[in-house]
């Protein structure tokens with residue numbers, strides 16, 4: 019059964035800059051790791067912070083605080099004793115302002131985080147690249163232009179933009195025409211050398227390779243939809259006469275010249291279709307049945323996204339009547355004798371956090387990871403990028419026992435993170451100047467809009483957690499996770515992380531109950 023780290027998604031994208039009017043609350047001091055024990059730990063003081071209550075508080079006040087803490091501990095322990103989570107769910111709950119331990123249950127146990135890994139990737143990228151970072155895609159010429167004829171090659175140079183769409187390549191083609199170029203004697207060279215040549219993460223199952231959530235990561239790519247699912251093509255199927263083959267088209271249309279579609283589908287009275295791509299190539303097979311007069315669309319990955327991007331760019335050059343006499347190839351742009359003709363700039367990293375986190379977009383995570391890895395001057399790689407993420411997490415002074423990353427999205431089942439690490443990071447990044455932008459990018463429980471609630475839009479509806487809990491979901495086969503923030507009835511904000519690596523019934527409903535209990539708590 020294939021896994022997915024994102025829930026189903028629609029097709030609307032806000033590109034406006036997010037306005038997050040939340041004030042920053044400063045944390046204090048690193049959080050100390052607790053013993054890896056199933057017994058809950060409540061209200062432990064944290065290094066560099068005050069213990070719960072004042073050291074000079076009257077005894078009765080201290081006793082009351084302890085009683086309240088014990089009651090919360092009892093409430094959470096009772097919820098977590100559910101058969102779905104009793105031996106499966108590891109938990110860390112911290113005071114989001116002070117970092118004090120509110121509740122811990124095997125909090126230092128490092129498990130598979132699934133898409134909760136994206137929290138670490140997002141905050142590391144905000145630190146390494148900055149909230150205003152934009153990806154660029156350039157068109158460069160080598161050679162002279164005489165009477166509209168470029169005597170040389172045209173280079174399409176990518177720097178990892180996972181948001182590039184057909185319209186962006188159309189704008190680049192128009193700029194080429196505006197620069198006075200109407201003919202190219204050479205070829206179009208797709209330069210994706212900003213990233214290394216390892217397009218598919220070695221920690222991912224090869225069986226995922228056709229699935230949109232595990233597309234190849236390349237410095238040049240195309241997203242066919244407004245959810246910005248880069249490295250994929252949208253295959254559209256329209257039913258015709260019963261018993262006949264349906265009609266197949268692609269989005270973008272130019273993709274049909276890059277991939278080879280094999281139509282093994284039939285028009286019948288109902289719709290049930292699947293897509294698969296043959297490994298090592300771009301032969302895509304459509305199987306199943308579609309209702310007569312009905313339509314269906316699905317995403318499938320492509321091989322070598324750089325050449326896919328070049329094919330889309332060439333199609334847009336054709337529309338501008340810019341003729342390219344040569345072919346298309348992969349290559350690296352020479353450092354000398356080059357003239358930039360056009361540049362496309364992506365949305366800012368702050369804006370990208372919305373589809374990245376709310377819709378749990380894996381390919382955004384991988385593009386950011388490799389981009390961070392490229393900051394050392396070498397082609398961006400997963401090893402270099404994840405090393406920068408881990409280095410940033412460690413620089414926060416949080417517990418990192420067991421932390422190990424092989425990708426940016428959490429698709430890899432080799433990733434390991436503890437709930438205490440995640441909750442502690444959530445506390446410490448509140449000190450960062452960009453924290454409000456990060457917080458605004460998280461899914462919001464019970465807010466039933468595509469880019470508001472995101473992957474939490476149908477969870478905790480009708481509770482005090484709705485519109486309150488900002489958290490990242492995570493899901494793999496046998497894995498569920500939820501980490502984020504929620505505010506109690508008394509205004510106390512909690513940073514929490516729950517990670518379950520399980521066999522049997524999913525503990526996801528228990529995640530909801532824990533967060534709702536925190537939202538209802540009056541300390």
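Residue numbers (our numbering): 19 to 541.
Every residue, glycine too, gets a C-beta built ideally from N, C-alpha and C.
May I ask which residues mark the beginning and end of the beta strand (DSSP E) holding residue i?
{"i": "residue 458", "result": "Looking at the DSSP string, residue 458 is not in any beta strand (DSSP E); the run it does join, the alpha helix (DSSP H), is 453-459."}
{"i": "residue 307", "result": "301-309"}
{"i": "residue 533", "result": "Residue 533 -> not in any beta strand (DSSP E); alpha helix (DSSP H) instead, spanning 526-538."}
{"i": "residue 331", "result": "Here residue 331 belongs to no beta strand (DSSP E); instead the alpha helix (DSSP H) covers 323-337."}
{"i": "residue 265", "result": "265-269"}
{"i": "residue 511", "result": "511-519"}
{"i": "residue 350", "result": "Looking at the DSSP string, residue 350 is not in any beta strand (DSSP E), and its letter there is neither H nor E."}
{"i": "residue 118", "result": "Premise fails: residue 118 is in no beta strand (DSSP E) and is neither H nor E."}
{"i": "residue 256", "result": "250-256"}
{"i": "residue 503", "result": "497-505"}
{"i": "residue 320", "result": "Unbroken run through residue 320: none, as it is neither H nor E."}
{"i": "residue 474", "result": "Here residue 474 belongs to no beta strand (DSSP E), and DSSP marks it neither H nor E."}
{"i": "residue 294", "result": "290-295"}
{"i": "residue 490", "result": "488-494"}
{"i": "residue 161", "result": "154-164"}
Exposed or buried, what is residue i when buried is set at 16 or more other beta-carbons lying within 10 Å of its beta-carbon?
{"i": "residue 145", "result": "buried"}
{"i": "residue 476", "result": "exposed"}
{"i": "residue 65", "result": "For residue 65, the pLDDT reaches just 36, beneath the cut-off of 50, and the residue's location in the model is therefore unreliable, leaving the point undetermined."}
{"i": "residue 44", "result": "With a pLDDT of 26 at residue 44, under the threshold of 50, the modelled position of this residue cannot be trusted; read the value that follows with caution. It is exposed - the Cβ of residue 44 has fewer than 16 other Cβ atoms within 10 Å."}
{"i": "residue 96", "result": "exposed"}
{"i": "residue 176", "result": "buried"}
{"i": "residue 70", "result": "Caution applies to residue 70, whose pLDDT of 40 falls short of 50 and renders its modelled position unreliable; the value that the coordinates give is listed next. Residue 70 should be labelled buried."}
{"i": "residue 334", "result": "buried"}
{"i": "residue 449", "result": "exposed"}
{"i": "residue 419", "result": "exposed"}
{"i": "residue 27", "result": "Note on residue 27: pLDDT 36, under 50, position unreliable in the model; the coordinate value appears next. With 16 or more other Cβ atoms within 10 Å, it is buried."}
{"i": "residue 540", "result": "exposed"}
{"i": "residue 68", "result": "Only weak support exists for where residue 68 lies, its pLDDT of 40 falling under 50; the value from the coordinates is given anyway. Answer is exposed; the Cβ neighbour count stays below 16."}
{"i": "residue 495", "result": "exposed"}
{"i": "residue 150", "result": "exposed"}
{"i": "residue 245", "result": "buried"}
{"i": "residue 508", "result": "exposed"}
{"i": "residue 467", "result": "exposed"}
On a Cα-Cα basis, can you pick out the residue from the options that is closest to residue i?
{"i": "residue 527", "options": "102, 178, 94, 438", "result": "102"}
{"i": "residue 487", "options": "349, 505, 225", "result": "505"}
{"i": "residue 459", "options": "109, 140, 114", "result": "140"}
{"i": "residue 413", "options": "395, 439, 100, 392", "result": "439"}
{"i": "residue 178", "options": "467, 324, 490", "result": "324"}
{"i": "residue 472", "options": "462, 425, 199, 305", "result": "462"}
{"i": "residue 157", "options": "399, 192, 166, 172", "result": "172"}
{"i": "residue 155", "options": "183, 148, 227, 281", "result": "183"}
{"i": "residue 305", "options": "265, 298, 358", "result": "265"}
{"i": "residue 343", "options": "353, 293, 351, 332", "result": "332"}
{"i": "residue 238", "options": "447, 453, 217, 374", "result": "217"}
{"i": "residue 240", "options": "210, 255, 214, 113", "result": "210"}
{"i": "residue 190", "options": "490, 235, 364, 320", "result": "364"}
{"i": "residue 533", "options": "148, 498, 521, 489", "result": "489"}
{"i": "residue 222", "options": "215, 212, 234", "result": "234"}
{"i": "residue 224", "options": "289, 295, 214, 94", "result": "295"}
Report yes if the C-beta distance between residue i and residue j is below 8 Å; otherwise report no.
{"i": "residue 434", "j": "residue 125", "result": "no"}
{"i": "residue 416", "j": "residue 513", "result": "no"}
{"i": "residue 441", "j": "residue 501", "result": "yes"}
{"i": "residue 318", "j": "residue 230", "result": "yes"}
{"i": "residue 381", "j": "residue 249", "result": "yes"}
{"i": "residue 503", "j": "residue 511", "result": "yes"}
{"i": "residue 138", "j": "residue 372", "result": "no"}
{"i": "residue 170", "j": "residue 203", "result": "yes"}
{"i": "residue 359", "j": "residue 159", "result": "yes"}
{"i": "residue 483", "j": "residue 523", "result": "no"}
{"i": "residue 399", "j": "residue 388", "result": "yes"}
{"i": "residue 437", "j": "residue 518", "result": "no"}
{"i": "residue 403", "j": "residue 426", "result": "yes"}
{"i": "residue 429", "j": "residue 208", "result": "no"}
{"i": "residue 291", "j": "residue 302", "result": "no"}
{"i": "residue 390", "j": "residue 142", "result": "yes"}
{"i": "residue 98", "j": "residue 107", "result": "yes"}
8 Å is my cut-off, CB to CB: does residue i come that close to chain C?
{"i": "residue 456", "result": "The structure shown contains no chain C; it holds only a single protein chain."}
Between which two residues does the alpha helix (DSSP H) holding residue i run?
{"i": "residue 104", "result": "Careful: residue 104 lies outside any alpha helix (DSSP H) and carries neither H nor E."}
{"i": "residue 138", "result": "135-146"}
{"i": "residue 276", "result": "273-276"}
{"i": "residue 439", "result": "437-446"}
Notebook entry, point to check: Can you list, in chain order, the stretches of the beta strand (DSSP E) that have 3 or more residues and sit fully within the segment 357-427?
Noted result: 357-363
Fully enclosed by the segment 173-240, which alpha helix (DSSP H) runs are 4 residues long or longer?
-> 184-196
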